[in-house]
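Chemist: Below is the structure I would like to discuss, written out as structure tokens.
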Amino acid sequence: MALVRRNVVATADDVPPDRDDWIADLTSGDASIRRRAARALSRMPDAVPVLCTHLANEPGLSVRSIILTGLIVHRSAAVVNGLLPLLASEDANLRNSAIEALQQMPDEVAPHVESMLAHPDSDVRIFAVDVLAALAHPMVPEWLRRVVTNDPHVNVCAAALDALAEAGEPDVIPALQGLAERFSDVAFIRFAVDAAIRRIRGR
Amino acid sequence: MTMPVAQTETVISDEEFAKFREFFYRKTGIMFDAQKKYFAGRRIIDRMDKLGCATFREYFATIRFEASGDEMQRLVNQMTVNETYFFREDYQLKALVAGILPELAAGRNDGRPIRLWSVPCSSGEEPYSLAIYILEHWPDADRHDIEILGSDIDSAILAEAATGVYGERSLQRLPPELIRRYFSRVKDRGYRISEDLRRSIDFSQGNVVDPQFMRRFRDVDVIFCRNMLIYFDDRSRRETIEAMYDCLSPGGYICLGHSESMSRISSLFQPRKHADSIVYQKPSR
């Protein structure tokens, strides 16, 4: 018979490494060692700055993933401060990972939303809107309304409009109509505003 | 003359349903097409009634903005009713013998066994199904050592798995000849799976979100983790998948349930198509 039974034996570390050992392991050439270190450091709240700093330089996607999960579990102001600069990263995977992580920390992100939406780089403002698009916070519709009312860049407004189609209530409809007037020369905006209003009205 | 009074009934418009299903898909990977509107709509209305929401808009705001995600999770549970039985989602068993095992076996020259892990294994239908399906349908089964592990958090259900006695309902998908070959009748209790098979599965009790437990599993080639993660919150899903990543050998696979999608959880794995099934592979290096 081809089926064999072999009990899986526990593999435990003889002497648990301390915090400095784990930090040293983050520089290992072996991704599995870095994952183990990241997982251990993720359980230490005072290691958040180390993990945030390492995240920006970590080449392995699997290690990044474990660091981000650890940061999501901590979900503190320090974590948000460490992740926000990554919205401006040229590394799309890192940027998107930061967006996903920030989406899961609504209360911690809330104090930063105004500054995120005022960033001088319109691409970063789009990523800020992407964070809001899946943020479970009651202020989201109001933040997005301010974007479609005030932001000068059509692509930032289009991103907010898309998010409002899901998150918006009927009281944002005047702001959407105002957006259509502000960008009356952009056919896509008129089309998207009509679609969003239909979606918000539910008919 | 008295006009009949129409009973007030909660209605979800097509536009509202479209909004809901896009949101639900983004959160869970489960897509309801237009034909499923009645199925999904009934369950949404049930939850609205329980919460006292007068309109869909009110309910949608709850699942969209509630920071705890509790109501969203209740709705997911309503939408994904599960039961376990032999040869459930057998298209993945076909993928296993038609694509995954031949690929793993072709790259294995060191005599290491091929290790499969069913988690959660519940009352044992899945790991026993793996064993039977491999013995019946993989021509190279006798040329390789195959270990099958089964784990569950529930010690009582594991005791049932080890006992291996099942009713007609659990066996409904099994052809009669397989029941004859692998089971014997137990008076008034149903059918008991053969001792050979019972002895071939290594059952263990533990929790997948416990790092200590997960460290026990290394060099696993295929993990069957079906219809469990859908009940976890985002954080636990991520932690579990990342822990499973370390349990797997390079090139190893995870098979999720039909309503689950790895793309909603993690980008660590590469989707692969074997037979008609999408499964997820850990990169080889």
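Going down the list, the protein sequences come from chains L and H. Under our numbering, the first residue of the first sequence is numbered 1459, with each subsequent residue one higher. Under our numbering, the first residue of the second sequence is numbered 877, with each subsequent residue one higher. We treat Cβ as the ideally placed atom computed from N, Cα and C, and that holds for glycine. None of these values were measured; they are calculated from a predicted model.
Could you tell me whether any Cβ in chain L is nearer than 8 angstroms to the Cβ of H:Ile1024?
Modeler: Here residue 1024 of chain H corresponds to residue number 148 of the second sequence, with the count starting at 1. Chain L contact via Cβ: present.
Chemist: At 8 angstroms on the CB atoms, spell out the chain H contacts of L:Ala1594, in chain order.
Modeler: Residue 1594 of chain L sits at position 136 when you count from the first residue of the first sequence. Ordered by position in chain H, the residues that pass the 8 angstroms Cβ test against L:Ala1594 are Arg940, Phe941, Glu942, Ala943 and Gly945.
Chemist: Flag this pair as yes or no: are the beta carbons of H:Tyr1129 and H:Tyr1156 separated by less than 8 angstroms?
Modeler: In the second sequence, counting from the first residue as 1, residue 1129 of chain H sits at position 253. In the second sequence, counting from the first residue as 1, residue 1156 of chain H sits at position 280. Yes. Within cutoff.
Chemist: Determine the chain L residues that contact H:Leu1144 at a beta-carbon separation under 8 angstroms, and present them in chain order.
Modeler: In the second sequence, counting from the first residue as 1, residue 1144 of chain H sits at position 268. By Cβ distance, chain L contributes Leu1519, Ser1520 and Ser1523.
Chemist: May I ask you to list the residues that DSSP assigns as paired with H:Pro1147?
Modeler: Taking the second sequence and counting its residues from 1, one reaches residue 1147 of chain H at position 271. DSSP, once it has assigned bridges, lists H:Tyr1156 as partnering H:Pro1147.
Chemist: With a CB to CB cut of under 6 angstroms and the five nearest residues on each side skipped, what residues in its chain are close to H:Phe908?
Modeler: Position 32 of the second sequence, counted from the first residue, corresponds to residue 908 of chain H. Only Arg897 and Ala916 meet the Cβ criterion.
Chemist: What does DSSP give as the partner residue(s) for H:Asp1028 in the beta ladder?
Modeler: By 1-based counting over the second sequence, the position of residue 1028 of chain H is 152. The partner list for H:Asp1028 (beta bridge, DSSP) reads H:Gln1081.
Chemist: Against L:Ser1486, what residues of chain H qualify as contacts under a CB-to-CB distance less than 8 angstroms, listed in chain order?
Modeler: In the first sequence, residue 1486 of chain L corresponds to position 28, counting from 1. Within chain H, no residue comes near L:Ser1486; the closest Cβ sits about 15 angstroms away, beyond 8 angstroms.
Chemist: Answer yes or no: do H:Phe900 and H:Ile906 have a C-beta to C-beta separation smaller than 8 angstroms?
Modeler: Locating residue 900 of chain H in the second sequence gives position 24, counting from the first residue. Locating residue 906 of chain H in the second sequence gives position 30, counting from the first residue. It is a contact, given that the beta carbons lie within the stated cut-off.
Chemist: Using the three-state DSSP reduction, which class does H:Val1062 fall into: helix, strand or coil?
Modeler: Position 186 of the second sequence, counted from the start, is the residue given in the question as residue 1062 of chain H. Here H:Val1062 sits in strand by DSSP.
Chemist: Please name the residues in the segment 1112 to 1144 of chain H whose beta-carbon is closer than 8 angstroms to at least one beta-carbon of chain L, in chain order.
Modeler: Going along the segment 1112 to 1144 of chain H in chain order, one finds Arg1114, Glu1115, Glu1118, Tyr1121, Asp1122, Ser1142, Ser1143 and Leu1144 with a Cβ nearer than 8 angstroms to chain L.
Chemist: Between H:Asp1162 and chain L, is any beta-carbon pair separated by less than 8 angstroms?
Modeler: Residue 1162 of chain H lies beyond the residue range present for chain H, which begins at 877 and ends at 1161; the question has no answer from this structure.
Chemist: Between the segment 888 to 920 of chain H and chain L, which residues of the former have CB atoms less than 9 angstroms from a CB of the latter, in chain order?
Modeler: So the list reads Ile888, Ser889, Asp890, Glu891, Glu892, Ala894, Lys895, Glu898, Phe899, Arg902 and Lys903, given in the order they occur along the chain.
Chemist: Is the number of C-beta pairs between the segment 928 to 947 of chain H and the segment 1079 to 1095 of chain H that are closer than 8 angstroms three or more?
Modeler: They do not touch, by the three-pair rule.
Chemist: Within 8 angstroms (strictly less), CB to CB, does H:Ser1153 reach chain L?
Modeler: Here residue 1153 of chain H refers to the residue found at position 277 when the second sequence is read from its first residue. Not an interface residue.
Chemist: Can you tell me which of the three DSSP states H:Val1096 falls into?
Modeler: Mapped onto the second sequence, residue 1096 of chain H falls at position 220. Three-state result, H:Val1096: strand.
Chemist: Can you give me, in chain order, the residues of the segment 965 to 994 of chain H that have a beta carbon less than 8 angstroms from any beta carbon in chain L?
Modeler: So the close ones are Pro989.
Chemist: Quick check: the Cα distance between H:Ala982 and H:Val1098, rounded to an integer number of angstroms?
Modeler: Taking the second sequence and counting its residues from 1, the one referred to as residue 982 of chain H is at position 106. Taking the second sequence and counting its residues from 1, the one referred to as residue 1098 of chain H is at position 222. Roughly 15 angstroms between the two C-alpha positions.
Chemist: Mind listing, in chain order, the continuous alpha helix (DSSP H) runs of no fewer than 4 residues lying wholly within the segment 1565 to 1608 of chain L?
Modeler: Correct list: 1571 to 1575, 1580 to 1591 and 1598 to 1608.
Chemist: Out of curiosity, what's the CA-to-CA distance linking H:Arg1153 and H:Tyr967?
Modeler: For this step, residue 1153 of chain H is matched to residue 277 along the second sequence. For this step, residue 967 of chain H is matched to residue 91 along the second sequence. With the sequence shown as reference, residue 1153 of chain H is identified as Ser, and Arg is not the correct amino acid for it. Taking the straight line joining both Cα atoms gives about 6 angstroms.
Chemist: Quick test of your reading: H:Ser889 and L:Arg1604, contact by CB under 8 angstroms. State the CB separation rounded to the nearest angstrom.
Modeler: Translated into the one-based positions of the second sequence, residue 889 of chain H becomes position 13. Translated into the one-based positions of the first sequence, residue 1604 of chain L becomes position 146. Actually they do not touch by this definition, with Cβ atoms about 29 angstroms apart.
Chemist: Quick check: what's the CA-CA separation for L:Gly1518 versus H:Thr956?
Modeler: Here residue 1518 of chain L corresponds to residue number 60 of the first sequence, with the count starting at 1. Here residue 956 of chain H corresponds to residue number 80 of the second sequence, with the count starting at 1. Straight-line Cα distance between these residues: approximately 34 angstroms.
Chemist: So with Cβ pairs under 8 angstroms, would you call L:Glu1624 a contact of chain H?
Modeler: For the purposes of this step, residue 1624 of chain L is identified with residue 166 of the first sequence, where counting begins at 1. Taking Cβ atoms only, chain H reaches closer than 8 angstroms to L:Glu1624, which makes this a yes.
Chemist: In terms of residues, what are the limits of the beta strand (DSSP E) holding L:Pro1610?
Modeler: For the purposes of this step, residue 1610 of chain L is identified with residue 152 of the first sequence, where counting begins at 1. Neither: L:Pro1610 is in no beta strand (DSSP E) and is coded neither H nor E.
Chemist: I'd like the list of long-range same chain contacts for L:Asn1539, defined as Cβ closer than 7 angstroms, with 5 residues on each side in sequence excluded.
Modeler: As a position in the first sequence, residue 1539 of chain L is number 81, starting the count at 1. Result list for L:Asn1539: empty, nothing under 7 angstroms.
Chemist: When you compare the CB positions of H:Tyr1067 and H:Leu1047, do they come within less than 8 angstroms of one another, or not?
Modeler: Start at 1 with the first residue of the second sequence, and residue 1067 of chain H comes out as number 191. Start at 1 with the first residue of the second sequence, and residue 1047 of chain H comes out as number 171. It is a contact, given that the beta carbons lie within the stated cut-off.
Chemist: Can you give me the start and stop residues for the beta strand (DSSP E) that H:Gly1127 sits inside?
Modeler: In the second sequence, the residue the question calls residue 1127 of chain H occupies position 251. Here the beta strand (DSSP E) through H:Gly1127 covers Leu1124 to Leu1132.
Chemist: Just verifying my parser: in three-state terms, what is the DSSP assignment at L:Ala1653?
Modeler: Taking the first sequence and counting its residues from 1, the one referred to as residue 1653 of chain L is at position 195. Three-state result, L:Ala1653: helix.
Chemist: Between H:Phe1100 and chain L, is any beta-carbon pair separated by less than 8 angstroms?
Modeler: Along the second sequence, one-based indexing puts residue 1100 of chain H at 224. Output row for H:Phe1100: interface = no.
Chemist: Is it buried or exposed, L:Ala1645, if we count other Cβ atoms within 10 angstroms and call 16 or more buried?
Modeler: Sequence index remark: in the first sequence, residue 1645 of chain L carries index 187 (1-based). Exposed, because fewer than 16 other Cβ atoms sit within 10 Å of the Cβ of L:Ala1645.
Chemist: Identify the residues that DSSP records as bridge partners of H:Ser994: which are they?
Modeler: Within the second sequence, numbered from 1, the residue matching residue 994 of chain H stands at position 118. H:Ser994 pairs with H:Gly1026 and H:Phe1100.
Chemist: Provide the residue span of the alpha helix (DSSP H) that contains H:Gln954, from first to last.
Modeler: Position 78 of the second sequence, counted from the start, is the residue given in the question as residue 954 of chain H. From DSSP, the alpha helix (DSSP H) with H:Gln954 extends over Asp946 to Met955.
Chemist: Would you mind stating whether H:Pro1003 and H:Cys997 have Cβ atoms separated by less than 8 angstroms?
Modeler: By one-based count along the second sequence, residue 1003 of chain H stands at place 127. By one-based count along the second sequence, residue 997 of chain H stands at place 121. Yes.
Chemist: Give the straight-line distance between the Cα atoms of H:Glu934 and L:Asp1565, rounded to the nearest whole angstrom.
Modeler: Within the second sequence, the letter at position 58 stands for residue 934 of chain H. Within the first sequence, the letter at position 107 stands for residue 1565 of chain L. Those two C-alpha atoms are separated by around 22 angstroms.
Chemist: Establish whether the CB of H:Asp1028 and some CB of chain L are separated by less than 8 angstroms.
Modeler: Stepping through the second sequence from its first residue, residue 1028 of chain H is reached at position 152. False, the Cβ-Cβ gap to chain L never drops below 8 angstroms.
Chemist: So, helix, strand or coil for L:Leu1541, using DSSP?
Modeler: Working through the first sequence from its first residue, we reach residue 1541 of chain L at position 83. Reduced to three states, the DSSP call for L:Leu1541 is helix.
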